[in-house]
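Numbering follows numbering that gives the first Met the number 0, in which position 44 of the sequence shown is assigned residue number 43; successive positions increment by one, without gaps.
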Amino acid sequence: MPFHRASLAGMSFALILLSRPVSAHEALPTTAKPLGWSYPHSCCSGIDCRQVSDKAISERPEGYVINGTGEVVAYRDGRVKNSPDGVYHWCSVAGADDSRTICLFVPPKGY
Numbered sequence: 000m001p002f003h004r005a006s007l008a009g010m011s012f013a014l015i016l017l018s019r020p021v022s023a024h025e026a027l028p029t030t031a032k033p034l035g036w037s038y039p040h041s042c043c044s045g046i047d048c049r050q051v052s053d054k055a056i057s058e059r060p061e062g063y064v065i066n067g068t069g070e071v072v073a074y075r076d077g078r079v080k081n082s083p084d085g086v087y088h089w090c091s092v093a094g095a096d097d098s099r100t101i102c103l104f105v106p107p108k109g110y
C-alpha cells in the first residue's frame, strides 16, 4: 500500500506541474481561432483585451471609431494591429468600456 500512495502522490504532483493556468491575455483556441494566439504584452496586462463585435467598431475617413467612446484611431496609428483570427479585438485601459484604446486588432479588408 505505501508504494501505491507514493505513486499516486507522484502522479498528482506531475499533473500539477504539467497543468498550466491560462492567462487572461491569451486568446484561446476556438473554431474561430483554430491555431490560437496571444495578445502581445504591449497591448494587454491580463485584463485589457477582448473580442468585440463588428458593431463596436466603425470606420470613417479619419480611421476606426470605437463606437462606445467615440474615440478615433487613425488607420496608420501604431496601435492598430492585424487580427490573426479575422475578428475585432479591442484593448482598453483596465478593459473598461469607457477607456482609451491601447491596441485595436482589425480583420483584413475584403477584396
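Don't be surprised by glycine CBs; every beta carbon is placed ideally from N, CA and C.
Task: Pairwise C-alpha distance: Gly-94 and Val-51 - done: 12 Å
Open item on the list: Spatial neighbours of Cys-90 within its chain, please: C-beta separation below 6 Å, excluding the five flanking residues on both sides.
Closed with: Cys-42, Cys-43, Asp-47, Cys-48, Ile-101 and Cys-102
- [ ] Tell me whether Val-92 is buried or exposed, calling it buried when 16 or more other Cβ atoms sit within 10 Å of its Cβ.
- [x] exposed
Task: Selection from Gly-109, Phe-104 and Asn-66 that minimises the alpha carbon distance to Tyr-38 - done: Phe-104
Open item on the list: I'd like to confirm the pairing. Which residues does DSSP put opposite Arg-59 in its beta bridges?
Closed with: Gly-62
TODO: Alpha carbon to alpha carbon, how far is Gly-85 from Lys-108? Give it in angstroms, no decimals.
DONE: 9 Å
Open item on the list: Bridge partners for Arg-49 per DSSP, in chain order?
Closed with: Trp-89
Open item on the list: Along the chain, where does the beta strand (DSSP E) containing Lys-80 start, and where does it finish?
Closed with: 79-81
TODO: Have a look at Arg-78 and Val-72 and give me their C-alpha separation to the nearest angstrom.
DONE: 8 Å
Task: Integer-rounded CB distance, given that Tyr-87 should sit under 8 Å from Pro-60 - done: The Cβ separation is near 19 Å, so there is no contact.
- [ ] Please name the residue or residues paired with Thr-100 in a DSSP beta bridge.
- [x] Ser-91
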